[in-house]
Every structure is written in C-alpha cells, then in structure tokens.
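Undergrad: The structure is given below, and queries will be raised subsequently.
Protein chains in written order, with my numbering: chain U, 135 to 248; chain B, 3 to 113.
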C-alpha cells in the first residue's frame, strides 16, 4: 500500500462548480499537510498548509484534515478556468532521525470548462 | 525576492553523458531538496542538503549526487545518463524542515 493515495482523475467541471479533491494516507505520524498546484511544465506552487486536524480557509480554497480517518480534502468554490491545473497533496512528519520528508500524492488533473 | 531559481530551463543530453543542474534557494532559506518528476507522476524525492551535507536521501542510485555551497545554492549531478532519467527536475528550498517552495524546474531530455 502506498503511503499516500490520490485519484489522478482527470476531473472536468463547468465554471462556477465546487470542486472536491481528496487524498488518503496510511502513516499516522503525518502531522503537516499541504496542497500544491502545478501548471503544465511549471514547478509546484504551495496553495494551502495545515497542521493536524481541522479546516483552513483562504479565499475560494478550503483545506480539511481528518486525522482519525487519515483523509484530507481541498475544496475550490466558484471554480474558474484559471484553476485548471494538477493538484498535488503532500504530507510529512518527523522520523526517528528527527528529519522531515515530504511524501507526495500522484496529483489530480483538473479542467474547469468555461 | 527572486524566489527559487533553477538553471538551465531545458537540457538535451545523450545516453552515457553527465549533467549538472543548479539551484539558488529563496532568500533566507538554508535547506535545498531535489526531486525528479516524470510526466504524469508526483515528485519523487532524490535528496536534501542542509549545512552543505546530504541530510536525507530517497531511493535513487549513486549516479545521482549533489552538493551545497556556503551560500546555500546547490547542484545536482547525474552520471551515466539513461533514457529513464528524462524528467522535470525540481529544486525546493525551505528554512530547516519547514514548508518547501519550488523553483520552475529543469526539463532534462535524454536521447
């Protein structure tokens, strides 16, 4: 079983729709959860960063972490064509050597159609 | 603030050759991580440098090596290139173990 599972999609929605992107994980030691957005042929861009369980909102984006279910979500409200990109979840926790390493999902490809 | 910069943007090499990729971290960051991203895949962790030493390493062969300089910039070297090394190579910088910020990447094509 992979440490992080993410449905690669592709996901296609009409402009204005609410988008829900999800990742599941198996390592209960993960404490830091991130969502990155990656446009074609560009480096990933940090969208949301959360620590432990709960919700975090930033404009049209809401990140949700449920540690009991080992499940994280990113919601995009009023989606726009400019939101069309690949969305990657990433998470980390400290290992025995007190080091932190990001573990990545494969990414979900999203297309928002005008 | 220039953010994370990488050079070159694109590179074409042939099998067996060697390549060096360069990264300058975001101002104030002291840790550099390197990732390989194949088309349609998430980034795969290669290694991380802190205080000019390799602190962590992913599951990559010794053909992949790196260096960090006193100004925190870093190089990734790949020897004896294989066709399968064709990918987007991403550099990310952070302050110690905090959130990583990515550069635009170097697209390497091995023919």
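A virtual CB, placed ideally from N, CA and C, is assigned to each residue, including glycine.
Secondary structure at residue 192/U, three-state DSSP: helix, strand or coil?
TA: strand
Undergrad: Chain B partners of residue 168/U, CB-CB under 8 Å?
TA: 101
Undergrad: Hey, residue 8/B and residue 33/B: beta-carbon distance below 8 Å or not?
TA: no
Undergrad: Anything in the region 60 to 86 of chain B with a Cβ closer than 7 Å to a Cβ of chain U? List those residues in chain order, please.
TA: none
Undergrad: Taking its Cβ as the centre, do 16 or more other Cβ atoms sit within 10 Å of residue 108/B, making it buried, or is it exposed?
TA: With 16 or more other Cβ atoms within 10 Å, it is buried.
Undergrad: For the pair the region 168 to 186 of chain U and the region 23 to 32 of chain B, tell me if three or more CB-CB distances fall below 8 Å.
TA: As far as the Cβ criterion goes, the region 168 to 186 of chain U does not touch the region 23 to 32 of chain B, which means the pair count is below three.
Undergrad: Using only the alpha-carbon positions, how far apart do residue 88/B and residue 220/U sit?
TA: When rounded, the distance between both Cα atoms is 20 Å.
Undergrad: For residue 239/U, which beta-bridge partners are listed by DSSP?
TA: When DSSP reads this structure, residue 239/U sits in no beta bridge, so it has no partner.
Undergrad: Can you pull the DSSP bridge partners for residue 193/B?
TA: This structure cannot speak to residue 193/B, because chain B is shown only from 3 to 113.
Undergrad: Taking Cβ positions only, does residue 239/U come closer than 8 Å to chain B?
TA: yes
Undergrad: Should residue 4/B be labelled buried (16 or more other beta-carbon atoms within 10 Å of its own) or exposed?
TA: By the 16-neighbour rule on beta-carbons within 10 angstroms, residue 4/B is exposed.
Undergrad: Answer with yes or no whether the minimum CB distance from residue 45/B to chain U is below 8 Å.
TA: yes
Undergrad: For residue 76/B and residue 86/B, which I take to be in contact (beta-carbon distance under 8 Å), what is that distance rounded to the nearest angstrom?
TA: 23 Å between Cβ atoms; not a contact.
Undergrad: Check whether the Cβ atoms of residue 250/U and residue 213/U lie closer than 8 Å to each other.
TA: Residue 250/U lies beyond the range of chain U shown here (135 to 248); nothing can be said about it.
Undergrad: Using a 10 Å radius around the Cβ and a threshold of 16 neighbouring Cβ atoms, would you call residue 144/U buried or exposed?
TA: exposed
Undergrad: Can residue 91/B and residue 38/B be called in contact, C-beta distance under 8 Å?
TA: Residue 38/B sits close to residue 91/B, with the two beta carbons spaced by under 8 Å.
Undergrad: Please look up how many angstroms separate the CB atoms of residue 160/U and residue 204/U, rounded, as I've assumed it's under 8 Å.
TA: Contact flag correct, Cβ pair sits at about 7 Å.
Undergrad: Please list, in chain order, the residues of the region 18 to 34 of chain B that have any C-beta partner in chain U closer than 9 Å.
TA: none
Undergrad: Which of the residues in the region 176 to 197 of chain U, read from start to end, lie with their CB under 8 Å from any CB of chain B?
TA: 176, 177, 178, 179, 180 and 183
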